[in-house]
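Colleague:
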Amino acid sequence: MTADPVTSKAAAPGAEYAETASAAYRAALQVIESVEPRIAAATRKELADQRDSLKLIASENYASPAVLLTMGTWFSDKYAEGTIGHRFYAGCQNVDTVESLAAEHARELFSAPYAYVQPHSGIDANLVAFWAILATRVEAPSLAELGAKHVNELSENDWETLRNKLGNQRLLGMSLDAGGHLTHGFRPNISGKMFHQRSYGTDPDTGFLDYSAVAEAAREFKPLIIVAGYSAYPRRVNFATMREIADEVGATLMVDMAHFAGLVAGKVFTGEEDPVPHAHVTTTTTHKSLRGPRGGMVLAQPEFSDAVDKGCPMVLGGPLSHVMAAKAVALAEARQPAFQVYAQRVADNAQALADGFLKRDAGLVTGGTDNHLVLLDVTSFGLTGRQAESALLDAGIVTNRNSVPADPNGAWYTSGIRLGTPALTTRGFGVDDFDRVAELIVDVLSNTQPSATAGKLSKAKYTLADGTAERVHAASAELLDANPLYPGLQL
Ligand code: DSN
C-alpha cells in the first residue's frame, strides 16, 4: 500500500495487486455461481452499487481486497472457544497463530498492554468490557470476602446476593441525542437492562462536551463505570480529563472508540485525545475508520486483562477465526505509514465537508467538526432527518438520519443527517471533492419540500423538485469515476 502525501489523491489500498485479486474474485464467483447463482449475482450487484454511490455513512468504509479475501477460508470451519493456548477444543494450533498475530498487531498499533480480538461486533466488545469490569470490581472482591475462589463454590444464598450486586451497578454515559451509543446503557440494549444508567449531555449553547457537567453528574451519581466515546459527536474528546473525573469518583473509565479508532491508529488523535493510555478498558469495532473486517476488539490495562480474556465463553460464542485472521491483515495494513496519511486525509476531508456546508449557510451541530464526521442540522432546510435521508438517497447519496441534541423530531424521524468521510477518503476523494459533495447535498436539500399533508407519516414524506436527482446523479458520477472503488478490480 502506498500513498503520496503531496498530491491530493490517496493511493487505493490493494491497487498494487488488483490483477491477482480480480482473478481470485472471478474464480470465487464462478464457484459460488455453480451452487447458488442468485448469491453470485447479488455479490456482483453489491459491488456495482457500492461503486456507483456516494457513501457518506460515517461508520462504513471499504476494506482492502486482502482483508476481504482473508475472510473466505477454512478458518471459518474451526471451533476455538477459550483463548490462545487454552481452548475447549483440540486442534487449535493455527487459530492460536492467527489470534496471537492479530493481538500482537493491535498491541503494537495502539501501544496497548493487552488486546483481545475475539469480539464479533461493537456490542460484543462492549459486553466483554462491561463484564470484565463487573468481574474485576464486583465479583472478585465478593468472592474474596466470602473466602471462595470460584462462583461454583458459593451457596445458593451467597450466589443470589452476588447476582443482585452484579445487576445493581451504575453506569454514566453520553446521551443518545448528544451522540452517545445505544450500548452505553440505554434501555433497548442489554446494557440498559444491566445497569442503572444516567447520561451526560453537551452544552446546550455550543453543542460541545461540558466536562464540568460530566464531573458534576459523576460526583452525584457515583457510577461504577463512566463510558466515553460516541457515534455521532463531531468533536474530539479529552480522555485525560475524562480519566481525572473517573478517578475522582472511583469509577472505571471505559472508552468506546469504535468510530474514531482509525484516527487513533493513524496518529491523528494523540496525547490526551488518544484514549488507550487513559482508559482502563478501550473497545472498538474494526470495520469503521480502522478499515478492517466487520468485528470488534477490546484493549485493556493489565488489571482487567484476565477478565477480558474470559470474554468467550462468558458473553461470546466461539471466535470467528477467519475474521480474526482478517483483523490481523487489516491491523498490519494500519501499521504502514500510508495509513497515517489516510487518517489525516479523513480528518482534513471532514473539515472541508463542514466548511462546504458552512459557506452555503447550512446548520451544523457544534458549528463544525474536528474528527471524521459532520452532523448536519436539516431543520435549516425545513426538513426532518427522515425526509432528508430519503431525498438524498433518491439522488444517489447514501447517509443516515441522526438525532441532534434536544431533537424536536425524536429518535425515529430526527432532525439531523450524519455524514462521515472514511469511505470516500479510501476511494481517493480529497478536500475539493468534499466541497463539491457539500454543494450537491445542499442542492438536493434546497430542492426538497416537506409534505404539506398532516398525519402520521408527514415527517417522512417530501417532494424532490423535478430534475434534481438526475442532475446530482450526473455530478456524483463524475466524482465517483475520478475516484474508482477498487481500481483495477474486474469481475
Ligand atoms: N452502527 C454503528 C454506527 O452507525 O454508528 C454503530 O452501532
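Under UniProt numbering, read the sequence shown as residues 1 to 491, first letter to last.
Where a beta carbon is used, it is the ideal one built from N, C-alpha and C, also for glycine.
Below 8 Å on the Cβ atoms is my contact criterion, and I expect Arg418 with Leu353 to pass it. Report the Cβ-Cβ distance as a whole number of Å.
Modeller: Going by Cβ atoms, the distance from Arg418 to Leu353 rounds to 12 Å, so no, they are not a contact pair.
Colleague: Evaluate contact between the region 34-50 and the region 375-394, counting only Cβ atoms and requiring at least three cross-stretch pairs below 8 Å.
Modeller: Judged by Cβ distances under 8 Å, the region 34-50 makes no contact with the region 375-394, as fewer than three pairs qualify.
Colleague: What residues in its chain sit with their C-beta under 6 Å from that of Ala391, if we drop five residues either side in the sequence?
Modeller: Result list for Ala391: Val444, Thr448, Tyr462, Leu464, in chain order.
Colleague: Determine contact between the region 169-177 and the region 196-212, defined as no fewer than three beta-carbon pairs at a distance below 8 Å.
Modeller: The region 169-177 is in contact with the region 196-212.
Colleague: For Ala482, I'd like the list of residues in its chain whose CB is within less than 7 Å of its CB, leaving aside the five on either flank, ordered along the chain.
Modeller: Same-chain partners within the cutoff: there are none.
Colleague: Phe304 and Ala132: beta carbons closer than 8 Å?
Modeller: Result yes, Cβ atoms of Phe304 and Ala132 sit closer than 8 Å.
Colleague: Whose C-beta lies closer than 6 Å to the C-beta of Val281 among residues of the same chain, with five residues either side of it excluded?
Modeller: Ala129, Met254, Ala300, Phe304, listed in sequence order.
Colleague: Using DSSP with H/G/I as helix, E/B as strand and the rest coil, what is Pro5?
Modeller: Bear in mind that the predicted position of Pro5 carries a pLDDT of just 44, short of 50, making it too unreliable to give a figure here.
Colleague: Under a criterion of Cβ closer than 5 Å to any non-hydrogen atom of ligand 1, which residues qualify, in chain order?
Modeller: Output, sorted by chain position: Ser59, Ser231.
Colleague: Under 8 Å, with one C-beta from each stretch per pair, do the region 232-241 and the region 361-373 reach the 3-pair mark?
Modeller: Contact between the region 232-241 and the region 361-373 is present, because at least three Cβ pairs lie under 8 Å.
Colleague: Does DSSP put Ala165 in a helix, in a strand, or in coil?
Modeller: Per the sequence presented here, residue 165 reads as Lys, with Ala not at that position. Correct three-state label for Lys165: helix.
Colleague: Please report the Cβ distance between Thr425 and Phe208, rounded to the nearest whole angstrom; I am assuming they are in contact, meaning their Cβ atoms lie under 8 Å.
Modeller: The pair is not a contact, with the Cβ atoms about 25 Å apart (cut-off 8 Å).
Colleague: Once the 5 residues before and after Asp205 are set aside, which same chain residues still bring their CB inside 6 Å of it?
Modeller: If we look at Asp205 and ignore the five residues flanking it on each side, it has no Cβ neighbours.
Colleague: Which residue's Cα is closest to the Cα of Ile225: Asn238, Glu248, Ala213?
Modeller: Comparing Cα positions, the closest option is Glu248.
Colleague: Could you please give the first and the last residue of the uninterrupted alpha helix (DSSP H) stretch that includes Asn349?
Modeller: That run of the alpha helix (DSSP H) goes 337-358.
Colleague: Quick check on Ser212: does DSSP put it in helix, strand or coil?
Modeller: Residue state, collapsed to three classes: helix.
Colleague: Measure the Cβ-Cβ separation of Val442 and Ala362 and say whether it is below 8 Å.
Modeller: In this structure, Ala362 lies closer than 8 Å to Val442 by Cβ.
Colleague: According to DSSP, is Gln197 part of a helix, a strand, or is it coil?
Modeller: Strand, per DSSP.
Colleague: When the Cα of Lys165 is compared with those of Leu134, Arg243, Ala144, Phe186, which residue comes out closest?
Modeller: Residue Leu134 is the option with its Cα nearest to Lys165.
Colleague: If you run the structure through DSSP and keep just helix, strand and coil, what is Met242?
Modeller: Helix, per DSSP.
Colleague: Ignoring anything shorter than 4 residues or poking outside the region 393-470, list the alpha helix (DSSP H) runs there in chain order.
Modeller: Listed in chain order, they are 410-413, 422-427, 431-446.
Colleague: Say whether the region 111-128 touches the region 137-145, bearing in mind that this needs 3 or more beta-carbon pairs closer than 8 Å, one atom from each stretch.
Modeller: Taking 8 Å as the limit for Cβ pairs, the verdict is that the region 137-145 does not touch the region 111-128.
Colleague: Considering only the alpha carbon of each residue, which of Ala258, Met257, Arg243 lies closest to Ala251?
Modeller: Minimum Cα distance to Ala251 is reached at Arg243.
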